[in-house]
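Chains A and B are the protein sequences, given in the same order. Going by our numbering, the first sequence runs without a break in its numbering and finishes at 448. Going by our numbering, the second sequence runs without a break in its numbering and finishes at 244.
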Amino acid sequence: MPGYDRAMPRPSPPTPAAEPGAPGGDGRLATILAAVKLLEADAPLDARLEALIALVARTHPSAAAGIVGDGRRHHDPGAGDATLVAAAEAAAVTAARTGTTRRARHGDWTVLAAPLRCRDRVDGALWVADRAAEVDEWLVTELAGRAAPAVATELQRVEQLEQAEALHRSDALKTTLLHGVTHELLSPLAGIANAAEALGVIQDHDERRELARAITAETQRLERVVSNLLDLSRLEGGVLQARMDWCTPEELIGAGLQAAGAILDGVPVTTEVPDDPPLLRADPVLSERILVNLLNNAVRHGTPPIHVAARREGDEVAVSVMDDGPGVHPDVLPSVFEPFIHREGVGLGLGLPLCRRLAEAQGARLEHRAGDLAGACFTLVFPLPAPPAQAT
Amino acid sequence: MSGQRPVLVVDDEPLILRGLTASLTAAGYTVVTAVTGGGALEAAALRQPAAVVLDLRLPDMDGVEVCRRLREWSEVPVIVVSAIASEAQKIAALDAGADDYVTKPYSVGELLARLRAALRRASETTAGGEVRFGDVVVDLALGHVHRDGALVHLTPLEFDLLAALARHPGKVLTHSILLRTVWGLAYQGETHYLRVYMARLRRKLEPDPSRPRHLLTQSGVGYRLVPDDTPAG
């Protein structure tokens, strides 16, 4: 958004283009006409406003003028008395906030600030300060009214551009997301539909049991995809926020393994934790979700045994999930954390990008590393904070 | 089984009610159902159920409120069913008197295990008695803990924390309940005390502190002590 705060002091050179006028009569009308012409000129908003300020300053003997808007205040060092500018801008900010004309005194200066009101919005205020005479309120209000549409139009244009860009970004995101997850949703759904149809025609008791088991398994797969999608959309929408708490890495690991019990289902897992568990700050629920995803990947794409280790590394704690499988293919590695890139046949899907964002949401990070075993190793790294006061 | 007290299942989703009724009946329970909070309270009063499976999302009132009203006159075990990522709601339900929770989507096997544990807990009295898990025996009256026959030295706070959990085997106790019970009212937000003492207890009583079998973490909610034959969750 362009800054258009300007302060322009007297003296300024007289220009023949605008009729400088003492308050009243034809002088006022000439000033307003000159202002309209300036504001309609084909120039950037900043340049038009500067010209307007110069014009306004000339309408009063020994006057200074300025405009504030968009919350930013900075003025030209040549604006003369800095305390006057500060006082005038304070009045102008109040005028912009309240939408009403404000008067102020600063030494022997009189300050008048009129809001830039256009329809139902106020986008700043125009201020004029004069030492020799009262400020012409009618004229300043009128000029503010002329300047307001120019400012509002420019701001709306910028806002619309930003909105359009945001929409475009989220549209592109949704499109790639849709491509990515369609496969992951469709294949379990197809499995469920097939099994349900088969249940309608098959009589054999054992086969029917097997089909029912398949439906349950596919439903669980679907649930994981949907809950990951839900997390992702909650992260996107800012609904999901980390609830930070003191945690020990061994407890995060224990909870993750417990929650992944059905996925692990007899797969051998070894663990390794420091004897003296460090206290770290994390969201235990989000960490559990990350570990379940990593364990699920290790079971589906790796080879047992799975090793889960928490190690202190300087002022960090690293929690790693590693397996003894083929590891992540070097071609795929650069994109494993990239959101929503669908890898045909690899099927890592949403898990890792989501995990990385769940890690970042709690001030941690997720990395791929060379592990102790041959296969993949994904590491969740937490910063170690200063320990809290201990219970005795 | 006409003399058996039923299990009350409360859910406003007809398909879920139908499925649960079938599964629970197959497992040998008698089932009564309600689709609203008001209906649940009425059925609990009329049918005197042995346990309640209560979905927290109901059309007429908050499930947490149903828990609270039920607890005003009944000690019936309550297992609440809550949506994913709603730890605050689970905590509210547990603090209002619920015994346990399952998170949607859950498997029927998981619910049946919780139900069995809750029913067994309700029929046992542990106050002042002994609680056993793994090779550990906790004598609540004498304040002694033995592991594999040998006396385990616990500090007073370690024992208080273990005893708080052992008095309600299987039941989920929230962080704030545990902190209040063991350390006192002023310590409700100080979860790091719990983390540190839990780590110490597990080192003294669990074979592998990173894979506890009895002193279990309920992430973001609290802890529970699980005796041997209750499946973890």
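Built from N, CA and C at the ideal position, the CB exists for glycine as well. Because the structure is a prediction, the values reported are computed rather than measured.
From the options, pick the residue whose C-alpha is nearest to that of residue i; which is it?
i                      : options                       : result
residue 181 of chain B : B/228, B/214, B/159 and B/199 : B/228
residue 233 of chain B : B/55, B/116, B/103 and B/39   : B/103
residue 47 of chain B  : B/25, B/32, B/38 and B/39     : B/25
residue 383 of chain A : A/390, A/360, A/411 and A/431 : A/431
residue 372 of chain A : A/216, A/338 and A/426        : A/338
residue 122 of chain A : A/407, A/139 and A/185        : A/185
residue 169 of chain B : B/35, B/154 and B/179         : B/154
residue 287 of chain A : A/328, A/104, A/241 and A/406 : A/406
residue 353 of chain A : A/224, A/365, A/377 and A/336 : A/377
residue 429 of chain A : A/393, A/358, A/388 and A/412 : A/358
residue 424 of chain A : A/435, A/192, A/363 and A/138 : A/435
residue 171 of chain A : A/189, A/191, A/202 and A/161 : A/202
residue 93 of chain B  : B/21, B/218 and B/166         : B/21
residue 392 of chain A : A/176, A/409, A/179 and A/380 : A/409
residue 284 of chain A : A/365, A/350 and A/317        : A/350
residue 73 of chain B  : B/88, B/50, B/84 and B/60     : B/50
residue 331 of chain A : A/195, A/242, A/307 and A/413 : A/307
residue 115 of chain B : B/167, B/85, B/131 and B/100  : B/100
residue 40 of chain B  : B/98, B/205, B/122 and B/238  : B/122
residue 356 of chain A : A/142, A/381, A/241 and A/119 : A/381
residue 160 of chain A : A/174, A/145 and A/173        : A/145
residue 385 of chain A : A/329, A/426 and A/367        : A/426
residue 64 of chain B  : B/44, B/150 and B/143         : B/44
residue 241 of chain A : A/251, A/102, A/276 and A/220 : A/276
residue 418 of chain A : A/362, A/444 and A/291        : A/291
residue 166 of chain A : A/106, A/192, A/180 and A/438 : A/192
residue 98 of chain A  : A/206, A/148, A/369 and A/212 : A/206
residue 98 of chain B  : B/161, B/75 and B/86          : B/75
residue 202 of chain B : A/301, A/343 and A/313        : A/301
residue 143 of chain B : B/66, B/216, B/32 and B/199   : B/216
Could you tell me which chain A residues have their CB closer than 9 Å to the CB of residue i, listed as they occur along the chain?
i                      : result
residue 209 of chain B : 304 and 307
residue 206 of chain B : 301, 302, 303, 304, 307, 333 and 335
Please check the pair residue i and residue j, which I expect to be a contact at CB under 8 Å, by giving their CB distance rounded to whole angstroms.
i                      : j                      : result
residue 183 of chain A : residue 169 of chain A : 4 Å
residue 189 of chain B : residue 174 of chain B : Actually they are not in contact, since the Cβ atoms of residue 189 of chain B and residue 174 of chain B sit about 11 Å apart, beyond 8 Å.
residue 223 of chain B : residue 214 of chain B : With 8 Å as the limit, residue 223 of chain B and residue 214 of chain B do not qualify as a contact, their Cβ atoms being about 10 Å apart.
residue 360 of chain A : residue 324 of chain A : 5 Å
residue 210 of chain B : residue 326 of chain A : Going by Cβ atoms, the distance from residue 210 of chain B to residue 326 of chain A rounds to 19 Å, so no, they are not a contact pair.
residue 264 of chain A : residue 255 of chain A : 6 Å
residue 152 of chain A : residue 124 of chain A : 6 Å
residue 106 of chain B : residue 185 of chain B : 6 Å
residue 82 of chain B  : residue 120 of chain B : Rounded, the Cβ-Cβ distance is 28 Å, inconsistent with contact.
residue 90 of chain B  : residue 117 of chain B : Not a contact, Cβ separation roughly 10 Å.
residue 88 of chain B  : residue 129 of chain B : 4 Å
residue 141 of chain B : residue 148 of chain B : 6 Å
At a CB-CB cut-off below 7 Å, which residues of chain B make contact with residue i?
i                      : result
residue 444 of chain A : 203
Could you name the residues of chain B that residue i contacts, counting a contact when the two beta carbons are closer than 9 Å?
i                      : result
residue 313 of chain A : 221 and 222
Taking Cβ positions only, does residue i come closer than 8 Å to chain E?
i                     : result
residue 30 of chain B : Considering every chain present, this structure includes no chain E. Its protein chains are A and B.
Closer than 9 Å, Cβ to Cβ, to anything on chain B: give me those residues from the stretch 298–310 of chain A, in chain order.
299, 301, 302, 303, 304, 305, 306, 307, 308, 309 and 310
Report the residue ranges of all alpha helix (DSSP H) runs contained in full by the stretch 132–212 of chain B; include only those spanning at least 4 residues, in chain order.
167–177 and 186–193
Short-range partners of chain B found in the stretch 324–345 of chain A, where Cβ spacing is below 7 Å:
327, 329, 333, 335, 340, 341 and 344
Of all the residues that make up the stretch 278–298 of chain A, which are near chain B by a beta-carbon distance shorter than 8 Å?
279, 283, 286, 287, 290 and 296
Beta carbons nearer than 7 Å to chain A: which residues of the stretch 220–233 of chain B have them?
220, 221, 222, 223, 227, 228, 230 and 231
Residue ranges of each alpha helix (DSSP H) within the stretch 105–189 of chain A, 4 or longer
138–154
Ranges of the beta strand (DSSP E) found wholly within the stretch 346–429 of chain A, counting only runs of at least 3
362–369, 372–378 and 421–424
Entirely within the stretch 269–352 of chain A and at least 4 residues each: give me those alpha helix (DSSP H) ranges in chain order.
305–315 and 317–320
Can you check the stretch 77–130 of chain B for any beta strand (DSSP E) of at least 3 residues that lies completely inside it and give the ranges in chain order?
89–93 and 111–114
As an exercise, report each continuous alpha helix (DSSP H) stretch of at least 4 residues that is fully enclosed by the stretch 31–58 of chain B, in chain order.
48–58
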